[in-house]
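Note that the protein sequences, when read in sequence, are chains A and B. In this note's numbering, each residue carries its 1-based index in the first sequence increased by 231. In this note's numbering, each residue carries its 1-based index in the second sequence increased by 5.
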Amino acid sequence: MDLIVNLPPKSFLPLHRQLADALCEAIDQRRLLPGEPMPSTRDLAQSLRISRSTVVRSYEELHSRGYLESAHGSGTFVRSEMSFAYGKQTELNKEKEKPRIAFAVSAFAVRLLHAEPGQFPDAASYSTDDLAPVLRSWKRLWRRHLKNTEEARSWAASNPIGIESLRKTIADFLWRTRRIHCHPDQVIAFSNKQSRLQLVCRLLFSPGDLVAVQDPISPEVRQMLSVYGARVVPVPLDQEGINIDHLLSIDKPFKAICLANDDHNGALSREKRRCVRDLAKRTGAFIIEEEAIPYTTTGGSADRYPLRSSDDSDRVIYLSAGLEMLSPLMMMSFLVAPYSLQEAFAAAKACTGEELATIEQLVLRDFIEDGLLEHHLRGLERLSNKRRCHVIHLVTKHLGRRVDIESSFGSQAVVINLSSDIPDSEVVQMAQESGLLLSALSNQFACPAPKGKFMLFPGSSKDALEEGIETWITKLRARGLS
Amino acid sequence: MTLDQASPYPVHRQIAQAIKSAVISGSLALGQMLPSMRRLAEALGVSRSTVQRAYEDLLSQGYIETTHGAGSRICRARQAARTHPLVSPPVTQSARPLSSYAESLLSVVGSVLPCVDYQCELRRVDYQCELCQEPDSLVQQYLHLLEGQCQLSLLQEAEKARAVSGLNELRSHYLSYLRRARAVDGTEEQVFVFSGKREALDTLCRILVDPGDCVAVENPTAPHALKTLMLSQAQIVPVPVDRDGMDVDWLTALPHRIKVLYLSPSCHKPSGAVLSSDRRRALVDWAEKNGTAILEDDTYSEFTYGRSLTPALQREAPGGFIYLSTLPSGILPLAGHTFVVVPHSLLAVLMQAKRLTGGEVPLLNQLVLTELIRGGHFERSIRSRRNRYEAIRAHLMKLLPLYFGSKINLSPALAGTEITFSLTSALTDDAVIACAQAARLGLRSTRSHYLGVGKAKEFVLSFAGLDEHSIEHRVRRFVIMLNNQVSQKSVAVARADYQASALYPIAALGAG
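1) By DSSP, does D360/A sit in helix, in strand, or in coil?
2) For chain A, check one thing: does any of its Cβ atoms lie closer than 8 Å to the Cβ of S281/B?
3) Which residues in the same chain have their Cβ closer than 6 Å to the Cβ of R129/B, if we skip the five residues on either side of it in sequence?
4) Along chain A, in chain order, which residues have C-beta atoms closer than 7 Å to that of E376/B?
5) With 8 Å set as the bound, which would you pick, yes or no: does the beta-carbon of C255/A sit closer than that to a beta-carbon of chain B?
6) Can you grab the Cα-Cα spacing for the pair G306/A / A166/B, in whole Å?
7) For A552/A and I519/A, which I take to be in contact (beta-carbon distance under 8 Å), what is that distance rounded to the nearest angstrom?
8) Decide if M563/A is buried, meaning its Cβ has at least 16 other Cβ atoms within 10 Å, or exposed.
9) Going by beta-carbon coordinates alone, are H273/B and G296/B separated by less than 8 Å?
10) Helix, strand or coil: how does DSSP classify S427/B here?
11) Okay, do the segment 586-599 of chain A and the segment 372-381 of chain B touch, 3+ Cβ pairs below 8 Å being the bar?
12) Can you name the start and end residues of the alpha helix (DSSP H) that V16/B belongs to?
13) Note down the Cα distance separating A188/B from G393/A, rounded to an integer number of angstroms.
14) Rounded to whole angstroms, what is the Cα-Cα separation between Q266/B and T331/B?
15) Does the separation of the CB atoms of A230/B and D302/B fall below 8 Å?
16) Within 10 angstroms of its Cβ, does K483/A collect 16 or more other Cβ (buried), or is it exposed?
17) Taking only runs of the alpha helix (DSSP H) that begin and end inside the segment 247-305 of chain B, which ones reach a length of at least 4 residues, in chain order?
18) Since P243/B sits in a beta bridge, which residues does DSSP pair it with?
19) Does the beta carbon of I448/A come closer than 8 Å to any beta carbon on chain B?
20) Does the structure place the segment 565-575 of chain A close enough to the segment 178-198 of chain B that three or more beta carbon pairs sit under 8 Å?
21) Going by DSSP in three states, R367/A sits in which element: helix, strand or coil?
22) Compare the C-beta of G76/B against all C-beta atoms of chain A and say whether one is closer than 8 Å.
23) When DSSP builds the beta bridges, which residues end up paired with R203/B?
24) Tell me which same chain residues have a C-beta within less than 7 Å of the C-beta of M661/A, skipping the five on either side of it?
25) Taking only beta-carbon positions, decide if Y328/B is within less than 8 Å of chain A.
26) What distance in whole Å lies between the Cβ atoms of L275/A and L234/A, which are believed to be in contact at a cut-off of 8 Å?
27) Could you give the DSSP three-state label for N488/B: helix, strand or coil?
28) Excluding the five sequence neighbours on either side, which residues of its own chain have a C-beta within less than 8 Å of the C-beta of L434/A, listed in chain order?
29) May I have a chain-ordered list of the alpha helix (DSSP H) segments no shorter than 4 residues that lie completely inside the segment 239-269 of chain A?
30) Roughly how many angstroms separate the alpha carbons of L175/B and G515/A, rounded to a whole number?
31) Beta-carbon separation of L254/A and L238/A under 8 Å?
32) To the nearest angstrom, how far is it from the Cα of I700/A to the Cα of F685/A?
33) Taking the alpha-carbon positions, what's the A396/B to F383/B distance?
34) For M556/A, does the count of other Cβ atoms within 10 angstroms reach 16, so buried, or fall short, so exposed?
35) Mapping DSSP to helix, strand and coil, what is Q37/B?
36) According to DSSP, which residues form a beta bridge with K684/A?
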C-alpha cells in the first residue's frame, strides 16, 4: 500500500515528528478516510527509505493524538469517529476550486452539449441471461491464454486496428456468413460500437456536409451525425428498401448515403442495389452500410446479403453487426473499410483510437475459430424465434384485431402496429411500468413519423413477459383502448 | 477418422477439422453422402450431440449441405475455400474529399511523424524490452479473479450498474488509491475511466481545443501524445526541458495565450526528469493567472526512484487541472486503462462526449480490475515492479558510464522505465539501433519524441523488460557490436589512425 507524504526538505524537527505531522495532514486532507487501513510500517518505511522504528514511533504519536486506532491482529486504521479539526481542510479545498473561471470549451463541445441526450445503455435487445451457455467456454479460453501467455506476449505491442490473426478470422467469418470478400487489412477492430461509428463520422464529415440517410434509422446514427455537424437529408423507404427516386432527386451533392440493414425494413432489391452502387460510383459518395443483426447461416436469397457482398465500387463502409449479444463479456465491433480508406482508418486508430486488449482479442479469435460464436448465434436464433412466437401469441390473444404484427425474421424484436388514439409516449411509459422492453418506432424517424408502431423485445423470462403483457394491456384498456 | 484425446481442441472441432481436410485433400468427393450422425457417433464412441455440433459447424461454414430427411452430403459447389486478394484493386478516384480531420491526419502521418508506421511497430516486438510486463503472479491473480467474476449473477448486477464514466465501485477504489498514493484531490463523480490513453487525450483535446488554439507541450514528449495533440489542429508550442523538468520560465515569458498545457511533471518522457518544486509553484501561479487548462499526465509516476515521491500537481489547484493516470502497459486487458480526474466545470460536457462518441470499457474487465484493486493485488504488483525496476535502473546507471566513459551523457531517469542518453559515435543512429537490437536491448532514437527535427545521437533505452542478470551481458555485447561496426567502417582508415580512434576501451575493461 502506497501513501504519499509530504516531508519538508529542511526541518529542525526530529524525523518521526515530521512524519507524524505529514500523516496528520494526509488524514486532514481526507486522503486517508476514516476507517481505512494505514499502510504497514514496513511498507511505509521502505517507500520513504527511513528506518522502520521511526515509522513505528510516528504511528504511536498519531495514536496519542487520536488519529489512529488499532484492531488487534488486523493492523492500524484511521479512527472512524473524528470530530475535532477534521474536515477543515476539505472546505478549504472547495474554496480553492471556486474562484476559477470555467475553461472555454471547443465548438465541438458546444455541439455535444446541444445534441439530444442519448439513451445509454442501449443494448437492451440482448439479455445477459442468454450468456449462460457461453460463460464456461469463455472462461476456458481465458484460461488458455492466461496460463500460457507466450502468444499474447508476442503480440503485446499490438496493431491499433487489431491483431492480424483476429482480423483474418473475422474476414473468414464475414465470408462464411455474409459473403463479404475482403482482405484482413480492411477489417478494423474497435473496442465498442460507438467509437466505430464516431470514427466513421469523424473521417468523412466536416461541419455542413450533406448526408442522405434512410428514414427510419436508429437514433444513435442521427445523433452522431449531428454532433459532427453533418446535415441529414432523410430518404424514405418503400417495399424494396430505400426510395431511389427520392435519392436521385436530391439536387445538392451529398457526401454519403447511410443505410441500415435491419429486418423490419425489408431488404434492398437487386435492382436498387445496382442503382445505389452506380450512384456512388458516379458521384463519389460513400455508402455507410450498417447491419443490425448477426446472421448465422448462409440460407436465404441473395437479397439478404449486404450491399457490400456485391460491391465493386470500393465505396462501401460496412459496419458489421456488432457482437452485442456477448456484452457485457466483450464489446468489440468491426468494420470493413474500402481500400481507399484503409490507411486513413489505420492512422486514425493509431493516433486517437482506444486500445484493444491483446488477450481479449485472442480469446475472441479462438471463440470464433472454435465455432462457438456460430453455435451461440444459432442457439440465440432458435430461442428468439420461440420467444417471438410466444409474444405474437400473447399479444394477438389479448388485443385481437386492434393489433397488426409485422413478421420479422431473425430479429430479436417484434414490431407491433397498434391502432388506438393513445399517444405513443404514454403507451411506452405504461409498458415500462409493467416491466416490458418496448420502444416506439417513431423515434427512429426524422420526418412525419408513423404513429402507433412499436418494437417489443421479449426479454429472457417467459413468466415475466406474460405478466408484463397482461399488466400492460390492462393499463391500455383502462386508458380507453377497447 | 481418429480422435486425439490429448488434443487441446474440443472433440466436435476435431471431427469438423477431419472432414474439412478430407474434403480439401479430395478423399471425400463433392456431393458424397456423409454417414448419419448416429452412425458416426457410434463409430467414434462419442455422443450424438457432439457430432451434431460438428455437422452444424460444417453446415454454416459451407462445407456440407443438408436435405431434410435425406441426411448430409458434401456441398457440390463449395464456396468455402477462398483466398484473400492480396493486392488492392486499382485505387478509384477519391471523388469526395474526406473531412478536414482526415486530411490533417493523413498529412501528419506522411510528413511530420514518421513513427505512425503502425505495421512497423508490429515487427519490432521480437525483443520484449519495449514492454513493461506484468509479473506472472499478477497474471495468475487476474485469471483467478476473472473466473470468479465471470458469473451470470455478477454480470447481471454489473449490467444494471453500468455507467458512462465507469463502474462506481471501480472509480471509488481507484480514486482512494490515487488520493493516498498520489495526493490527488477530487470526488468519485469527477473520475472517468477510458480504455486507453490516446482515446482519453483525444476526447479531452476535442472538448477543449478549437483549431488554431495554442497548446503547449514539453519538447521532447511522449510521441503518441504529440500525435494526438497535433491532430486537434491546434498550434503546438514546444517548451524545452532540462534536468529539472519543463523550463517554466521560458513558458511564462511567452506572449501567446496558451489554452492547454500538456505535461508530465512527475515523470517526464523520455528523460525521466521530475519537475523541481520551485518550478511547480511558478507553473501553478502562471496557469491560474492565464486560465490555462493543464493536462497533467501522471503515468509511470508509480515508478519513481528518488528519495521521496512528489505528489501530483493537481492537488495545488484542483479546479485548473485535468489529471490523467494510465495503468502500466502489458498484456492484461487492464493495461493502458486511463483514469481521468476532471474539475467540476467539465463534468457535464465530458459526460456527454463519452456517452455519444466515446466508448465504454468492457464490463468484465472493469469488474476484474475492481477486484484487483480492492484486494490490494494491484498495489502489490506495482510495488514489486518498482523494486525490480529500481534494481535494474541502478545497475544500468552504473554500467553505462563504465562501458562508454565520457562518450555517454545520461539523463536523470528519476522516474519511469526508460533511460535517455546521448552518445558520441561515428555511426549513424540506425546503425547504433541495429547493434542494440542484435544485443537484444530495446533502444530507440528520441527523434519521434521531438516536435520538428529532433536531436541526432540521442537514444532511449527502455529497461522494463530486462532482467538483472542478463543486463551486463547485453550491454557488453552492444559495445562489442558497436566496435565491430566502427572497425568495418574504417577499413580504409590507416591502422594507426584506427587504434587511436578506437571508440570504446573494451580491452581495458575486459582486463579489469
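Don't be surprised by glycine CBs; every beta carbon is placed ideally from N, CA and C.
The structure says:
1) Helix, per DSSP.
2) Residue contact check for S281/B against chain A: no CB pair falls below 8 Å.
3) No answer about R129/B holds up, because its pLDDT of 43 lies below 50 and its placement is not dependable.
4) Ordered by position in chain A, no residue passes the 7 Å Cβ test against E376/B, which lies about 15 Å from the chain.
5) C255/A does not count as touching chain B.
6) G306/A and A166/B have their alpha carbons spaced roughly 32 Å apart.
7) Actually they do not touch by this definition, with Cβ atoms about 14 Å apart.
8) It is buried - the Cβ of M563/A has at least 16 other Cβ atoms within 10 Å.
9) No, they are not a contact pair.
10) DSSP places S427/B in strand when its eight states are reduced to three.
11) In short, these stretches do not touch, since the Cβ pair count stays below three.
12) Element bounds for V16/B: V16 to S30.
13) In a straight line, the C-alpha of A188/B is about 36 Å away from that of G393/A.
14) What sits at residue 266/B in the sequence shown is Leu, not Gln. When rounded, the distance between both Cα atoms is 18 Å.
15) Going by beta carbons, A230/B and D302/B fall inside the 8 Å limit.
16) K483/A should be labelled exposed.
17) As far as the segment 247-305 of chain B is concerned, its whole alpha helix (DSSP H) runs of at least 4 residues are 253-257 and 282-295.
18) Answer by DSSP bridge pairing, in chain order: V222/B.
19) Closer than 8 Å: no.
20) Flag = no, the segment 178-198 of chain B and the segment 565-575 of chain A do not touch.
21) For R367/A, the secondary structure class from DSSP, reduced to helix, strand or coil, is helix.
22) No, G76/B lies away from the interface with chain A (no Cβ there is under 8 Å from its Cβ).
23) Looking at the DSSP assignment, R203/B forms no beta bridge with any residue, so it has no partner.
24) Closer than 7 Å at Cβ, skipping near neighbours: W703, K706 and L707.
25) No - not a single Cβ of chain A is within 8 Å of the one on Y328/B.
26) L234/A to L275/A, Cβ: 6 Å. Contact.
27) DSSP, reduced to helix, strand and coil, places N488/B within a helical segment of the structure shown.
28) Within the same chain, L434/A has close Cβ partners L572, A575, F576 and A579.
29) Segments of the alpha helix (DSSP H) lying fully in the segment 239-269 of chain A: 246-259.
30) Cα-Cα distance, rounded: 47 Å.
31) L238/A sits away from L254/A, with the two beta carbons spaced by 8 Å or more.
32) Each residue's Cα considered, the two are about 14 Å apart.
33) The alpha-carbon atoms of A396/B and F383/B are separated by roughly 20 Å.
34) That one is buried.
35) In the structure shown, Q37/B sits in coil (DSSP, three-state: anything other than H, G, I, E or B).
36) Answer by DSSP bridge pairing, in chain order: N648/A.
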